[in-house]
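Before any comments, here is the structure.
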Amino acid sequence: MHGLMMDMPLLVSGLIRHADRNHGDTEIVSKTVEGDVHRYTYREAHARARRLAKALAALGVRPGERVGTLAWNGYRHYELYYAISGLGAVINTVNPRLFPDQIVYISNHAENVALFFDATFIPLVEKLAPQLKSIKHYVLMSDRAHMPKAGIPNLLCYETLLEQETDAYEWPSFDERTAAALCYTSGTTGNPKGTLYSHRSTIIHAYGAALPDALNLSARDSVLPVVPMFHANAWSLPYTCTMVGAKMVFPGPHLDGKSVYELIEQESVTLSAGVPTVWLMLLQHLGANKLKFSTLDRTVIGGSACPPAMIRAFQDDYGVKVFHAWGMTEMSPLGTVGTLKARQEKLDKQARLAVQAKQGRGIFGVEMKIVDEESRELPWDGKRFGNLMVRGPWIAKGYFKGEGGDPLKDGWFPTGDVATIDPDGYMQITDRSKDVIKSGGEWISSIDLENIAIAHPAIAEAAVVGVKHPKWDERPVVVAVKKPGQEVSRDELLKFYEGKIAKWWMPDDVLFVPELPHTATGKLSKLTLRESLKAYRLPNT
Ligand code: ADP
780 MHGLMMDMPL
790 LVSGLIRHAD
800 RNHGDTEIVS
810 KTVEGDVHRY
820 TYREAHARAR
830 RLAKALAALG
840 VRPGERVGTL
850 AWNGYRHYEL
860 YYAISGLGAV
870 INTVNPRLFP
880 DQIVYISNHA
890 ENVALFFDAT
900 FIPLVEKLAP
910 QLKSIKHYVL
920 MSDRAHMPKA
930 GIPNLLCYET
940 LLEQETDAYE
950 WPSFDERTAA
960 ALCYTSGTTG
970 NPKGTLYSHR
980 STIIHAYGAA
990 LPDALNLSAR
1000 DSVLPVVPMF
1010 HANAWSLPYT
1020 CTMVGAKMVF
1030 PGPHLDGKSV
1040 YELIEQESVT
1050 LSAGVPTVWL
1060 MLLQHLGANK
1070 LKFSTLDRTV
1080 IGGSACPPAM
1090 IRAFQDDYGV
1100 KVFHAWGMTE
1110 MSPLGTVGTL
1120 KARQEKLDKQ
1130 ARLAVQAKQG
1140 RGIFGVEMKI
1150 VDEESRELPW
1160 DGKRFGNLMV
1170 RGPWIAKGYF
1180 KGEGGDPLKD
1190 GWFPTGDVAT
1200 IDPDGYMQIT
1210 DRSKDVIKSG
1220 GEWISSIDLE
1230 NIAIAHPAIA
1240 EAAVVGVKHP
1250 KWDERPVVVA
1260 VKKPGQEVSR
1270 DELLKFYEGK
1280 IAKWWMPDDV
1290 LFVPELPHTA
1300 TGKLSKLTLR
1310 ESLKAYRLPN
1320 T
């Protein structure tokens, strides 16, 4: 027997309609590409999103078609999120930091019919346009005064498109399983693959992300997503904030420590979210200028492992709670968040920090298990580590156009991460499976070794990679960047490891470099690093 409840489809357009009705005067503030600050409300955003939906339809964009964006976090990008998905088409947020040939690949693979882009990317689009086969319309996300004279043929102006329409528009209703957004993974190996979110998965994920033990978002928050809207939908914040009616603050391209700090202070930001590399810049700026936060209450750090030293700095030096989060593009992206249970709140500081250094507990909607090489499930004892598998209503079951075949194993999605899970359900990533260091038949966690290096007061950033060894197969080598004006020698850093790890985990060498390579999503690029070490030989081999 079925229940007797309404079958209202869960649609993305419902979010912005709700925010308009219930939080109509709550602000959305954007630092623009030009550097000035734009502010308006959810009500105005909703009106403009409706105009934009009509403008898209007038351009001939049909339900199911894909529309690309190359844009920073800002109000026009936000409007595109709602207008494109709201009319039943699919927004494909392309990461402009990818290599140009990857951008071309993604746009052609997605068969985007239109491309909306910020002024920053005019030279890029000019260069790539001849190769972007499916694009019929190029739209500059700006006003008439900022339109360039030449360059891209038939270039349209965003504000002119909006001026031509009225906001008299009703969002259409359709099946909630309809595709809403398409995000490609960076494709560190092979071609990028597209994760195709549905309206249903997006809404359920937004509910999950808003929970108190997830991002704990409410109408009392002012939220600054530093994580880009082209990186896994800014971890869903444009949806989740709209759902709860939080004020949103978009930083545009201004992601340096000074700009982020000033925006946090000016807009009374209570929550911010981003990858560790961005927070590194912010902490350095705070330290160098002896600044404090007046409103920032918590920060979500994920995308790669957050070093305990960073958690400690935020919490002890600046009074900001850290939510360590783990997820993937294929998971919409939230999987776990490292919030404490009542019992752990009572632990001493050091023990609490050890819990927070883990990637956290699964949110309802994400089931996890760890398995060995033969797919046998491993116990949740916090010690045994295995391949992390997940399943749930906001996790991908395949890639766009069937790329890469069926990724699932018995209905579970293999994350490619190696992890432990403790009896309280806290998951800890030891490594990406391709980064784990195999020594003498055992595994060494590169993340653990990196976290120790970063805890040294003279080290700003560190990566640990496995280097071929004639006897042990691989041995760990630390590649580190020193903090400006700080000194530490190879032997001093190695000594710093003593007593903190098993003897056989001791790195064989330390190399100091001026900077480390990063991927388009701000993670350490171990692939590039390993390649640059090809000619390197371990000491005594
Ligand atoms: P991309 O490769 O495009 O950056 P994702 O952002 O989807 O793709 O990357 C997901 C991966 O990032 C995860 O599988 C995991 O390896 C890593 N990751 C994300 N969050 C964390 C975290 N808190 N700690 C360690 N690794 C993380």
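The sequence shown begins at 780 in the working numbering and counts up by one. For every residue, glycine included, the Cβ atom is placed at its ideal position computed from N, Cα and C.
Assignment of beta-bridge partners to F1291 by DSSP yields A1259. The residue from I882, L1312 and I1280 with its alpha-carbon nearest to that of K912 is I882. With fewer than 16 other Cβ atoms inside 10 Å of its own Cβ, S1268 counts as exposed.
R1077 and K1100 do touch by the CB rule: their CB atoms are close to 4 Å apart, below 8 Å. Per DSSP, reduced to three states, the secondary structure at W1283 is helical. For G843, the three-state secondary structure derived from DSSP is coil.
P1202 and K1162 have their C-alpha atoms roughly 10 Å apart. With a threshold of 16 other beta carbon atoms within 10 Å, L1272 meets it and is buried. Not one heavy atom of ligand 1 falls within 7 Å of the beta-carbon of W1222.
For G930, the closest of E944, L907, I982 and I1043 by C-alpha to C-alpha distance is L907.
Within the chosen limit of 7 Å, ligand 1 reaches the beta carbon of W1105 through at least one heavy atom.
Within 7 Å of the C-beta of I1208 there is at least one heavy atom belonging to ligand 1.
A Cβ-Cβ separation of about 11 Å leaves G1082 out of contact with H1103 under the 8 Å criterion. In the DSSP assignment, E1266 is bridged to no other residue. In the structure shown, K912 adopts coil according to DSSP, grouped into three states. By the neighbour-count criterion, in which a residue is buried when 16 or more other Cβ atoms sit within 10 angstroms of its Cβ, R1140 is buried. Take D1214, set aside five residues on each side of it, and the residues of its chain with a beta-carbon closer than 7 Å to its own are S1225 and K1305, in chain order. In this structure, L789 places its C-beta atom within 8 Å of the C-beta atom of R979. Note on geometry: alpha-carbon atoms of L1061 and L783 lie some 52 Å from one another. Secondary structure of C936 (DSSP, three-state): strand. In the three-state reduction of the DSSP assignment, N1166 falls in the strand class. Straight through space, the alpha carbons of V1057 and L1034 are spaced by roughly 7 Å. Residues A985, A988, A989, L994 and L996 of the same chain have their beta carbon placed closer than 7 Å to that of T1019, with the five preceding and five following residues left out of the count. The straight-line gap separating the alpha-carbon atoms of D1270 and Y1276 is approximately 10 Å.
At least one heavy atom of ligand 1 falls within 7 Å of the beta-carbon of A1011.
Shortest Cα-Cα distance from L1317 to any of D1287, R1309, P1296 and F1291 involves D1287. The C-alpha of P1112 lies about 12 Å from the C-alpha of V1169.
Taking the Cβ of P1032 as the reference point, every heavy atom of ligand 1 lies at 7 Å or farther away.
In the DSSP assignment, the residues bridged to Q1207 are T1199. Taking 8 Å as the cut-off, the beta carbon of P1087 is found closer than this to the beta carbon of A1234. Taking C-alpha positions only, P1030 is separated from R855 by approximately 13 Å. Set against 7 Å, the gap from the CB of P927 to the closest heavy atom of ligand 1 is not smaller.
Judged by DSSP in its simplified three-state form, V892 adopts coil rather than helix or strand. Distance from the CA atom of T1194 to the CA atom of I1149, rounded to whole angstroms, is 10 Å.
Here D1210 has V1197, S1224, S1225 and I1226 as same chain residues with Cβ atoms under 7 Å from its own Cβ, once five neighbours each way along the sequence are excluded.
Using a cutoff of 7 Å, the CB of D992 does not count as near ligand 1, since none of the ligand's heavy atoms is closer than that.
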